[in-house]
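Data block below; observations after.
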Amino acid sequence: MSESNKPIDVTVVIVNWKVKDFLRRCLVSLYEQTKRLALEVIVVDNDSQDGSVEMIQKEFPQVDLIARKDNLGFGRGQNIGIRKSRGKYVFILNPDTQFIEDTLQVLYDWMEKPEHAKVGFIGPRLVYANKKIQPSVKNFPTLSSQVVILLKLHHIFSGIGSVRHYLAKDFDYTKEQPTDQLMGAAIFARGDVLRDTLHGFDEDFWLWFEDVDICKRMKEAGYAIWYTPATTLLHEEGKSFGQMVSPKKQKVFNTSLKVYARKHWGRPAAFVIALLHPISMLLSHVVAWLHIKPRSQSKV
């Protein structure tokens, strides 16, 4: 059997933008920690121009590198890798992650259990560099929770019920359990469902809410989504997107939220989001000027 026809257990798809050193660390740890699985690694570089492409070509010739001359955003970049993937499972992964154990084997074995046949996505525990648990699951957003975030009220009133529910503030990260959505930084997916049923990410989202949307569509397709603390992955969080200034982030957030609202809540909700956009942009400039640190996972 030729190399191209060998069965692949897991395809790892990484979309990279201007985080060469984090990407190197991610790939080194991935190959060091993955012991027995037949692995395929696809990196889609979104025109980083920081030496990432040359680094991969020189140091990781086994990686299937797709070097773009434009920035496609997260979902479109992932879809290039997803469409090319051959793995029974696909691991949607951010480059600012680091493997500290054989996480892929744990997730592979978990999904292989017959009782998990109707689970579409599983997410590992994520921790910061200081090993503190990183919030990585949420409930699906509601219009009320997003209006609060657009108006920056979550910076002042951290206990607002709709936002607390959306951010799953009471989620027990020591317990394996189903959830609504997983952070897009690390989603272990059933490959055939991801490719053939969901057809990857909705490319109407350039960045933000594409992971929410794909989780919602996974559930609508009849598959469950689970979180497990059985394995841990280090995640620096936001190293690519963190290079944008806050008002620019707000604009991207608002645009994606409007797409999500129109798709899942209807046109009236999208109209509300559009009406609040200029207010939200003004407030984002105020927050940036005051250097207010967000209290929530919204990061805007």
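Following this note's numbering, the numbering of the sequence shown begins with 158 at its first residue and continues without gaps. Ideal Cβ placement from N, Cα and C applies to all residues, glycine included.
- Of the candidates K215, E211, V172, the residue whose Cα lies closest to the Cα of V198 is V172.
- Taking a cut-off of 8 Å for Cβ pairs, the stretch 284-296 and the stretch 407-422 do not touch, as fewer than three such pairs fall below it.
- Taking the Cα positions, F358 is about 27 Å away from M438.
- Short of 7 Å from the beta carbon of Y380, and not among the five residues preceding or following it, lie these beta carbons of its own chain, in chain order: K275, V276, G277, V350.
- By the neighbour-count criterion, in which a residue is buried when 16 or more other Cβ atoms sit within 10 angstroms of its Cβ, Q235 is buried.
- Residue pairing by DSSP places I165 opposite G244 in a beta bridge.
- Remark: C-beta atoms of S319 and T299 approach each other more closely than 8 Å.
- A residue is called buried once 16 or more other Cβ atoms fall within 10 Å of its Cβ, and G208, having fewer, is exposed.
- DSSP places T260 inside the alpha helix (DSSP H), whose first and last residues are 260-269.
- In the three-state scheme derived from DSSP, where H, G and I count as helix and E and B as strand, L390 is classed as strand.
- For I371, the closest C-alpha among the options H442, K408, M340, K289 is that of M340.
- In this structure, the CA atom of F428 is about 46 Å from the CA atom of V185.
- The straight-line gap separating the alpha-carbon atoms of K226 and E272 is approximately 44 Å.
- Spanning the alpha carbons of P281 and T260 requires a straight line of approximately 8 Å.
- By the Cβ neighbour-count rule, L187 is buried, with 16 or more other Cβ atoms within 10 Å of its own.
- One thing to note: V170 has its Cβ within 8 Å of the Cβ of L250.
- In this structure, DSSP gives L222 an extended state, which the three-state scheme calls strand.
- For D329, the closest alpha carbon among the candidates N287, T385, F248 is that of T385.
- In the DSSP assignment, E367 falls within the alpha helix (DSSP H) that extends over 367-377.
- Classified as exposed, D353 has fewer than 16 neighbouring CB atoms from the shown chains inside 10 Å of its CB.
- By the criterion of a C-beta distance shorter than 6 Å, F217 is surrounded in its chain by L184, once the five residues flanking it on both sides are discounted.
- The beta-bridge partner set that DSSP reports for E197 consists of T168.
- Taking the C-beta atoms as reference points, A387 is found nearer than 8 Å to V263.
- Between T254 and L391 a beta carbon distance of about 6 Å is seen, short of the 8 Å cut, so the two are scored as contacting.
- Excluding the 5 residues flanking it on each side, S403 has same chain C-beta neighbours closer than 6 Å at S441, A445, in chain order.
- Linking V210 to E189 through their CA atoms gives a straight-line distance of about 21 Å.
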